[in-house]
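Let me begin by presenting the structure, written as structure tokens, before commenting on it.
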DNA sequence: TCTTAAATAAGAACGATTGTCAATAACATA
DNA sequence: TATGTTATTGACAATCGTTCTTATTTAAGA
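Residue numbers (the working numbering), protein chains in the order written: chain A, 77 to 235; chain B, 77 to 235.
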């Protein structure tokens, strides 16, 4: 919701192109599911997407939404907030720090930078609410994963 | 693992102080669980913490680890990577952007800043692996939550 | 040491996610 | 446009992570 028609259409066009290129079938379910996520400003979870899709497609199943979301992720058409499919992970480092996260295996390491700690946050962000803290999330591929051949085997090594 | 004794001890001291201040009991389980997370460099999940605690305390139960982790979070002694207790959430915005996240309800909004897009990442980060992208995660309290009285009722409004 | 409330362990229960499979629909081809 | 092939769907069972319940144990103050 609340994404402009223009932007939504741009995303839909990208979707149709990517999905055909990938050789997977274009179904009503997939179109509607992508339309929902592409027009959402609020980064919904699967259940929320499901509810929104049902408004137009009452017979859709929750499974299909799950399957489609992961497919969209694999195709690089959407991303997840935080680590996908991952469990909650904890951090006892209460100093100011930043994270490097491996997009393949989820390995996460802290790093420090006084320069980054002093980052200027745009004034407009205060329209959303008060600001407590900020940290940079750097996403990449860790050395271990880079050394592995298999580029699509994103399991294991969650250390 | 791999956190220096000095730093671990510093964290343990902070833990003992905070836990007594909070008026909760100091149990062996809690000490060992905190010791594990305080000495871990790798941001483990609950299951991993559980396994490490069992090396020293074989009878500890998984529930206790769960309960203790949430307690530590409530006491502000640890934090979670990404949104805690939350389901996976999706983002169809593939442009360069940054996030504002409400620490109470999980509300997440995008914002843009060319200045931030050009951020310099310390060279040392490359020791972890290759860098694909980076974004700033700003944590605060959204206006809706700020308007509510209850400061500890962190549910609802996950829109 | 004794008392009491809080914390624990164990196992049941719950909720989110995934797997299985028969029925259906997309798409290539005729 | 009709048909065959194969991926996809929906229903429901199964799985896995997390939480709840309860009887038992333990920390901490009297």
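Positions of the beta carbon are idealized from the N, C-alpha and C atoms, including for glycine.
Checking contacts by CB at 8 Å: is residue i closer than that to chain B?
{"i": "residue 212(A)", "result": "yes"}
{"i": "residue 161(A)", "result": "yes"}
{"i": "residue 185(A)", "result": "yes"}
{"i": "residue 98(A)", "result": "no"}
{"i": "residue 113(A)", "result": "yes"}
{"i": "residue 150(A)", "result": "no"}
{"i": "residue 89(A)", "result": "no"}
{"i": "residue 94(A)", "result": "no"}
Check the Cβ of residue i against every Cβ in chain B and list those closer than 7 Å, keeping chain order.
{"i": "residue 144(A)", "result": "Here the premise fails: no neighbours, minimum Cβ distance about 11 Å."}
{"i": "residue 218(A)", "result": "204 and 205"}
Need the endpoints of the beta strand (DSSP E) that residue i sits in, please.
{"i": "residue 177(B)", "result": "174 to 178"}
{"i": "residue 167(B)", "result": "165 to 167"}
{"i": "residue 215(B)", "result": "205 to 218"}
{"i": "residue 156(B)", "result": "155 to 157"}
{"i": "residue 184(B)", "result": "184 to 187"}
Quick one, which of the options has its alpha-carbon nearest residue i's?
{"i": "residue 155(B)", "options": "155(A), 141(A), 172(A) and 152(A)", "result": "172(A)"}
{"i": "residue 177(A)", "options": "84(B), 142(B), 210(B) and 83(B)", "result": "210(B)"}
{"i": "residue 189(A)", "options": "198(B), 214(B) and 205(B)", "result": "198(B)"}
{"i": "residue 218(B)", "options": "119(A), 135(A), 84(A) and 205(A)", "result": "205(A)"}
{"i": "residue 86(A)", "options": "108(A), 115(A) and 202(A)", "result": "115(A)"}
{"i": "residue 152(A)", "options": "221(A), 84(A), 90(A) and 222(A)", "result": "90(A)"}
{"i": "residue 79(A)", "options": "107(A), 117(A) and 101(A)", "result": "117(A)"}
{"i": "residue 135(B)", "options": "126(B), 97(B) and 98(B)", "result": "126(B)"}
{"i": "residue 183(A)", "options": "196(A), 149(A), 137(A) and 214(A)", "result": "214(A)"}
{"i": "residue 150(B)", "options": "195(B), 95(B) and 84(B)", "result": "95(B)"}
{"i": "residue 145(A)", "options": "168(B), 131(B) and 144(B)", "result": "168(B)"}
May I ask which residues mark the beginning and end of the alpha helix (DSSP H) holding residue i?
{"i": "residue 84(A)", "result": "81 to 97"}
{"i": "residue 128(A)", "result": "122 to 132"}
{"i": "residue 161(A)", "result": "Counting along the chain, residue 161(A) falls outside any alpha helix (DSSP H), and DSSP gives it neither H nor E."}
{"i": "residue 112(A)", "result": "104 to 114"}
{"i": "residue 135(A)", "result": "Counting along the chain, residue 135(A) falls outside any alpha helix (DSSP H), and DSSP gives it neither H nor E."}
{"i": "residue 191(B)", "result": "190 to 193"}
Taking 8 Å as the threshold (beta carbon to beta carbon), is residue i in contact with chain A?
{"i": "residue 233(B)", "result": "Reliability of the predicted coordinates at residue 233(B) is poor, the pLDDT of 41 falling under 50, and no value is obtained from them."}
{"i": "residue 164(B)", "result": "yes"}
{"i": "residue 80(B)", "result": "no"}
{"i": "residue 201(B)", "result": "yes"}
{"i": "residue 224(B)", "result": "no"}
{"i": "residue 228(B)", "result": "Any reading at residue 228(B) must be qualified, since the residue scores a pLDDT of 48, below 50, and its modelled position is unreliable; the value itself is stated next. Chain A contact via Cβ: absent."}
Check the Cβ of residue i against every Cβ in chain A and list those closer than 7 Å, keeping chain order.
{"i": "residue 86(B)", "result": "The contacting residues do not exist; residue 86(B) stays about 10 Å from chain A at best."}
{"i": "residue 189(B)", "result": "198"}
Use the C-beta contact count for residue i: other C-beta atoms within 10 angstroms, 16 or more gives buried, fewer gives exposed.
{"i": "residue 185(B)", "result": "buried"}
{"i": "residue 104(A)", "result": "exposed"}
{"i": "residue 139(A)", "result": "exposed"}
{"i": "residue 208(B)", "result": "exposed"}
{"i": "residue 180(B)", "result": "buried"}
{"i": "residue 112(B)", "result": "buried"}
{"i": "residue 110(A)", "result": "buried"}
{"i": "residue 158(B)", "result": "buried"}
{"i": "residue 203(A)", "result": "exposed"}
{"i": "residue 161(B)", "result": "exposed"}
{"i": "residue 36(B)", "result": "Residue 36(B) cannot be examined here, being either before or after the span of chain B that is shown, 77 to 235."}
{"i": "residue 216(B)", "result": "buried"}
{"i": "residue 121(B)", "result": "buried"}
Starting from the beta carbon of residue i, find every residue of chain A whose beta carbon is closer than 8 Å, and list them in chain order.
{"i": "residue 208(B)", "result": "179, 215, 216 and 217"}
Under 9 Å between beta-carbons, which chain B residues line up against residue i? List them in chain order, please.
{"i": "residue 134(A)", "result": "Chain B residues near residue 134(A): none, gap ~22 Å exceeds 9 Å."}
Can you pull the chain B residues whose beta carbon is under 8 Å from the beta carbon of residue i, in chain order?
{"i": "residue 173(A)", "result": "Per Cβ cutoff of 8 Å: no residues; residue 173(A) is ~11 Å from chain B at best."}
{"i": "residue 195(A)", "result": "192, 195 and 212"}
{"i": "residue 156(A)", "result": "164, 165, 166 and 167"}
Residues of chain A with CB closer than 9 Å to the CB of residue i, please, in chain order.
{"i": "residue 121(B)", "result": "162, 163, 164, 165, 166 and 234"}
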